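Heads up: the structure comes next, in C-alpha cells.
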Amino acid sequence: MPVRYRAPVGAPTWIDLTSSDVDRARDFYGIVFGWTFEAAGPEYGGYINAAKDGHPVAGLMANNPEWQAPDRWTIFFHTDDINATVSTLTAAGGLSCIAPMEVPAKGFMSLATDPSGRLLVAGSRWITMVSK
C-alpha cells in the first residue's frame, strides 16, 4: 500500500483513540491490525504512538474521568492554515473547544466540534504531512 506524505486540505490525516483501558486497546489493535506501540514521552502526557510496518497510523491516550466524555476515536483533518480554518469553522456554526496550539515536532492542532457536536481536530503539518 502506498504511503501518502501530502494530503489535500480537508483530508483526514490522523486518528486518536481516547480509551478508559489503554492496555486493552493496545492489545486489541495490536492483534487485529498488527500495530506496534511506542510511548511518546512524558512531555506528551502518556500519549502512545501506533505504527504499522514502521509507519505512524494512530495515537492512543487515556480517557480522563474529569473530561466526562465517552471513549472515542477522534479524526484529524489537514489544513494549510490552522487559524484561518478555525475562523471559518466557527463562522460556519462549529465550536472551537481548544484554541490552535503547537504540538512539538508534529504541527499545529485545534480541537473543535461541527454544528451537530461531533468532535474533530484540524491540524497543519501533522504527523506524516510535509506541508506547512
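All letters in the sequence shown, in the order written, are residues 30 to 161 by our numbering. Backbone N, C-alpha and C define an ideal beta-carbon position, used for all residues, glycine too. Values in this document were obtained by computation on a predicted structure and should not be read as measured data.
- Partner residues in the beta bridge of N78, as assigned by DSSP, are E67 and G88.
- Of M90, A68, G75 and F62, the smallest CA-CA separation from D82 is found for F62.
- Non-local C-beta neighbours of G122 in its own chain, meaning closer than 6 Å and more than five positions away in sequence, comprise P144, ordered along the chain.
- For G152, the closest C-alpha among the options H107, W64, Y76 and S48 is that of H107.
- Beta-bridge analysis with DSSP links A141 to S125 and L149.
- The criterion of a C-beta distance shorter than 8 Å is satisfied by W102 and I44.
- Put simply, the backbone Cα of S125 is about 15 Å away from that of D110.
- Between M90 and I104, the C-beta spacing is not below 8 Å.
- With distances taken between CA atoms, V132 lies nearest to A69 out of R147, A69 and A79.
- When A36, A79 and S49 are compared, the shortest CA-CA separation from A98 is found for S49.
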